[in-house]
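**Q** Here it is, the structure in full.
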Amino acid sequence: MNAIYFTAMEVASMLGVSRGQAYKLVKGMNEELAKKGYIVVAGKVPKKYFNERYYGGVSNVVESEVK
Numbered sequence: 003m004n005a006i007y008f009t010a011m012e013v014a015s016m017l018g019v020s021r022g023q024a025y026k027l028v029k030g031m032n033e034e035l036a037k038k039g040y041i042v043v044a045g046k047v048p049k050k051y052f053n054e055r056y057y058g059g060v061s062n063v064v065e066s067e068v069k
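Numbering (our numbering), first residue to last: 3 to 69.
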């Protein structure tokens, strides 16, 4: 089954930032979603929303690069 969320660790790897910075980014995106009335999962962000928020998204990222 394909997960619909990116973890903060995956975000850190994709963006080339520290784990702490990735958690801040995920938290910020989750706060935006919560204000819109969505249910959020701490430490994870929906892939679709991540793709909307970051230029280029992750459509070009190979799954093996994320690990």
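Even for Gly, the Cβ is constructed at its ideal location relative to N, Cα and C.
(1) In the DSSP assignment, find the alpha helix (DSSP H) that holds Y25 and state where it starts and stops.
(2) Please identify the residue among A24, I6, N32 whose C-alpha is closest to the C-alpha of A44.
(3) Based on the DSSP secondary-structure assignment, which residues constitute the bridge partners of K46?
(4) If you reduce the DSSP assignment to three classes, tell me which class N4 lands in.
(5) How long is the line joining the alpha carbons of Y7 and S20, rounded to whole angstroms?
**A** Concretely, from the data shown:
(1) First-last of the alpha helix (DSSP H) with Y25: 21-37.
(2) Closest by alpha carbon: N32.
(3) Here K46 is bridged, per DSSP, to T9.
(4) Reduced to three states, the DSSP call for N4 is coil.
(5) Between Y7 and S20, the alpha-carbon positions lie close to 19 Å from each other.
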